[in-house]
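Asks: Each residue of the first sequence is one higher than the one before, counting from 4 in the working numbering. Every residue gets a Cβ at the ideal spot worked out from N, C-alpha and C, and that includes glycine.
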Amino acid sequence: MSVRMRFAPSPTGHLHIGGARTALFNYLFAKQQGGSYILRIEDTDLARNREDALQGIIDGFRWLGLDWDEGPEMGGDYGPYSCMERLELYQPFVEQLLAEGKAYKCYCSSEQLATEKEAAKAEGRLYRYPGTCRHLTEDERTYKEKAGADYTIRFAVPASDLLDFDDLIRGDVRFTTEDVEDFVIVKSDGIPTYHFAVTIDDHLMEITHVVRGEEHISNTPKQILLYRAFGWEEPRFGHLPLILNPNGKKLSKRDGSIIQFIDQYKELGYLPEAVINYLALLGWSPSDEHSEQELFTKEELIEQFSYERVNRSGAVFDPEKLAWVNAQYIKASDPQRIVELALPYLEKEYDRKLPLDWVTSLVTLYQTAIQAIHEIVDVSRIFFQDQVEYNEEAKKLLQEEHVSIVLQAVRANLAALGTDEYLAPQIKKAIRKVQKETGYRGKQLFLPVRVATTGESKGPDLNETLALLGQDTVLQRLEQALST
RNA sequence: GGCCCGUUGGUGAAGCGGUCAACACACCAGCCUUUCACGCUGGCAUUCAGGGGUUCGAAUCCCCUACGGGUCACCA
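Okay, here's the thing in structure tokens:
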């Protein structure tokens with residue numbers, strides 16, 4: 004039987020790193036096994052569905068390169084691929100359960116249930132739905148029915164029974180039916196709950212492996228109960244460790260401690276292959292002969308991935324390591340690609356078109372210095388300012404005794420260069436000459452020049468910087484510094 | 001609180017009964033570059049949450065305790 008796996012998000016918001024990581028760990032295995040990868044939308048919560056969320060998720064998937072074989076925009080033989088389009092498909096299964104006495108109508112209102120819960124809580128008891136409507140007499144039932152009371156449909160959980168499964172990552176996990184109450188499978192608005200829809204969908208779509216976050220581990224017994232009620236073969240289940248924030252807590256949507264949405268990383272200028280690479284390492288590690296490798300192409304990940312090597316404990320998301328991975332990819336990239344990615348940031352910042360060859364030189368200069376593309380803006384400010392701003396530290400440095408001697412000599416030597424000679428190699432020679440003339444070298448020589456022309460005490464290769472700045476600008480800034 | 005899952009350095013982790021516990025990020029130091037960054041080299045867990053076992057031998061197997069996390073919805 005061929006492997007079929009799915010990622011089934013609810014369209015409630017942007018694709019976040021936890022979801023993307025789950026999607027990835029499904030994708031890698033499906034691809035490795037030559038199976039199918041399905042994207043399905045779990046949109047049974049009308050109140051929380053958001054119009055643009057699906058598009059956001061699709062965009063995120065496309066950007067990350069997680070191509071799906073079936074699902075939105077792709078179609079497939081097992082469609083449709085969202086619950087709300089599948090509503091009529093669930094109906095017969097609900098009726099079957101009802102007819103077989105494996106499910107029943109529950110007329111308890113949510114207010115009533117809430118009150119019972121409150122009471123239980125006040126008494127320090129833990130509340131579990133007592134099965135009130137399960138034991139209704141025929142009369143009571145018809146009465147409620149006649150009154151037109153709203154109802155949900157609950158699954159009648161059988162008496163004590165072992166509910167265990169062999170988790171792909173954790174091995175044997177066991178619950179008993181005592182642990183689960185008569186849960187709702189159809190809400191009072193007639194829409195199935197997640198538990199119900201997901202198992203019907205997984206079965207109908209012939210999903211072979213259900214891999215999701217650890218928060219679903221305690222939902223698994225409910226789904227197993229459903230598979231058993233229908234006499235269906237269960238898929239393999241697997242539960243991924245949680246991604247934690249720096250405080251060791253599960254990420255919540257509003258957690259401000261880290262950037263957690265995929266589109267935000269895109270906007271900041273992270274490369275999709277870097278995000279994939281980092282996410283893969285969050286919970287998974289390569290085996291022996293690759294144990295020291297940190298950088299993996301998607302193809303390598305597909306080849307090497309295995310659930311046996313997925314960690315069982317939660318992983319703290321480390322933005323610094325992600326940044327490092329991203330920097331590795333930026334450095335290794337074709338400069339042309341980085342230029343194309345960087346150009347929009349610069350043009351937006353300065354609201355004008357910039358000459359491509361000049362930007363190419365600029366970006367190339369900084370390619371090894373940035374960890375994300377957006378940094379190009381901050382780092383290259385000096386090339387866009389009319390005047391250099393000297394901060395206190397710079398001013399102090401420029402006051403040092405030898406500085407004016409150095410700067411005057413530099414100015415003279417650079418001014419002596421013809422316009423067509425004003426290139427990095429010639430500039431280098433000119434500065435070397437200054438060293439001979441003044442006797443100053445190293446830091447004493449370079450720092451004043453850098454500070455005078457850029458206002459910064461650090462930056463990329465000075466000769467290249469001066470060349471790109473242009474002769475007029477450099478001479479003018481040296482002038483400015485000398486008169487400060 | 002019940003149930004479930006987990007616990008190797010600040011972080012990601014390797015390790016799967018046998019010399020001094022890989023590697024990477026971060027951090028620190030040095031080298032390189034006539035400057036900064038990049039890069040390179042070195043340092044950074046006498047110890048694997050704690051305590052008991054089992055064993056000639058345990059981070060690795062068993063038990064207990066502690067701690068952390070997840071979940072207990074007409075949300076997914």
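Tell me the DSSP bridge mates of Leu42?
Replies: DSSP, once it has assigned bridges, lists Phe10 as partnering Leu42.
Asks: Quick one: which unbroken beta strand (DSSP E) runs of 3-plus residues sit fully inside the segment 76 to 158? Chain order, please.
Replies: Here the runs fully enclosed are 106 to 109, 155 to 158.
Asks: What three-state label does DSSP hand Pro195 in the structure shown?
Replies: Three-state DSSP puts Pro195 in a strand.
Asks: Just reading off the beta strand (DSSP E) that Glu24 is part of, what are its end residues?
Replies: Residue identity check: residue 24 is Arg in the sequence provided, not Glu. Per DSSP, Arg24 belongs to no beta strand (DSSP E); it is in the alpha helix (DSSP H), 20 to 35.
Asks: Could you check whether the segment 248 to 265 touches the segment 223 to 230, counting it as contact only if at least three pairs of C-beta atoms, one from each stretch, sit closer than 8 angstroms?
Replies: Contact fails: fewer than three Cβ-Cβ distances are below 8 angstroms.
Asks: Less than 9 angstroms between the C-beta atoms of Ser460 and Ala372, yes or no?
Replies: Contact: no.
Asks: For His293, which three-state DSSP category applies?
Replies: Residue state, collapsed to three classes: helix.
Asks: Going by DSSP, which residues form a beta bridge with His242?
Replies: BP columns for His242 point to Arg215.
Asks: May I ask you to report which of helix, strand or coil DSSP gives Lys384?
Replies: Before going further, note that residue 384 is Arg rather than Lys in the sequence given. Arg384: helix per DSSP, three-state reduction.
Asks: Where does Gly74 sit, in a helix, a strand or coil, going by DSSP?
Replies: DSSP places Gly74 in strand when its eight states are reduced to three.
Asks: Can you list, in chain order, the residues of its chain whose CB lies under 8 angstroms from that of Pro289, leaving out five sequence neighbours each side?
Replies: Result list for Pro289: Gln296, Phe299, Gln307, Arg312, in chain order.
Asks: Taking only three categories from DSSP, how would you classify Arg231?
Replies: Arg231 falls in the helix class under three-state DSSP.
Asks: In terms of residue numbering, what span does the beta strand (DSSP E) encompassing Leu165 cover?
Replies: 165 to 170 is the span of the beta strand (DSSP E), which, as asked, contains Leu165.
Asks: Hey, out of Trp361, Gln438, Thr145, whose CA is closest to Gly473's CA?
Replies: Out of Trp361, Gln438, Thr145, Trp361 has the C-alpha closest to the C-alpha of Gly473.
Asks: Would you give the residue range spanned by the beta strand (DSSP E) that Arg177 belongs to?
Replies: Taken as a continuous stretch (DSSP letters only), the beta strand (DSSP E) holding Arg177 covers 174 to 179.
Asks: What's the C-alpha gap between Asp142 and Val160?
Replies: For Asp142 and Val160, the distance between alpha carbons rounds to 23 angstroms.
Asks: Are the CB atoms of Val213 and Pro249 within a distance shorter than 9 angstroms?
Replies: Against a cut-off of 9 angstroms, the Cβ pair of Val213 and Pro249 comes out as no contact.
Asks: Phe64 by DSSP, collapsed to three states: which one?
Replies: If DSSP states are grouped into helix, strand and coil, Phe64 belongs with the helices.
Asks: Grab me the residues of Gly21's own chain with a C-beta within less than 8 angstroms of its C-beta, minus the 5 sequence neighbours each way, in chain order.
Replies: So the qualifying residues of the chain are Gly216, Leu245, Ile246, Leu254, Gln263.
Asks: Grab me the residues of Thr196's own chain with a C-beta within less than 8 angstroms of its C-beta, minus the 5 sequence neighbours each way, in chain order.
Replies: Same-chain partners within the cutoff: Thr47, Phe186, Val187, Ile188, Val189, Lys190.
Asks: Quick check on the DSSP output: the beta strand (DSSP E) that includes Ile430 runs from which residue to which?
Replies: No beta strand (DSSP E) contains Ile430, which is instead part of the alpha helix (DSSP H) from 427 to 441.
Asks: With contact counted as at least three CB pairs below 8 angstroms, one residue from each stretch, are the segment 98 to 112 and the segment 149 to 169 in contact?
Replies: The segment 98 to 112, when compared against the segment 149 to 169, does touch it at the 8 angstroms Cβ threshold.
Asks: Specify, as a first and last residue, the run of the alpha helix (DSSP H) that Ile305 falls within.
Replies: Unbroken alpha helix (DSSP H) run through Ile305: 301 to 307.
Asks: Threshold first: 4 residues or longer. Then list the alpha helix (DSSP H) segments lying entirely within the segment 439 to 476, N to C.
Replies: If we require 4 residues or more, the alpha helix (DSSP H) runs fully inside the segment 439 to 476 come out as 445 to 457, 465 to 472.
Asks: Which word fits Tyr281, buried or exposed, when buried means at least 16 other C-beta atoms lie within 10 angstroms of its C-beta?
Replies: Under this definition Tyr281 is a buried residue.
Asks: Where do the ends of the alpha helix (DSSP H) carrying Val183 lie?
Replies: Taken as a continuous stretch (DSSP letters only), Val183 belongs to no alpha helix (DSSP H), as it is neither H nor E.
Asks: How would you label Arg131, buried or exposed, when you count the other beta carbons within 10 angstroms and need 16 or more for buried?
Replies: Counting Cβ neighbours within 10 Å, Arg131 comes out exposed, since fewer than 16 surround it.
Asks: For Tyr348, count neighbouring Cβ atoms within 10 angstroms of its own Cβ and tell me buried if that reaches 16, exposed if not.
Replies: The residue is buried, with at least 16 neighbouring Cβ atoms inside 10 Å.
Asks: Sorted by chain position, which residues of the same chain lie with C-beta nearer than 8 angstroms to Gln374's C-beta, five sequence neighbours on each side aside?
Replies: Once the five neighbours on either side are set aside, the close Cβ partners of Gln374 are Ala326, Trp327, Asn329, Ala330, Ile333.
Asks: Compute the Euclidean distance between the alpha carbons of Leu420 and Pro428, then round it to the nearest angstrom.
Replies: Approximately 12 angstroms, taken between the alpha carbons.
Asks: Give the DSSP-derived three-state secondary structure of Lys253 in the structure shown.
Replies: Reduced to three states, the DSSP call for Lys253 is strand.
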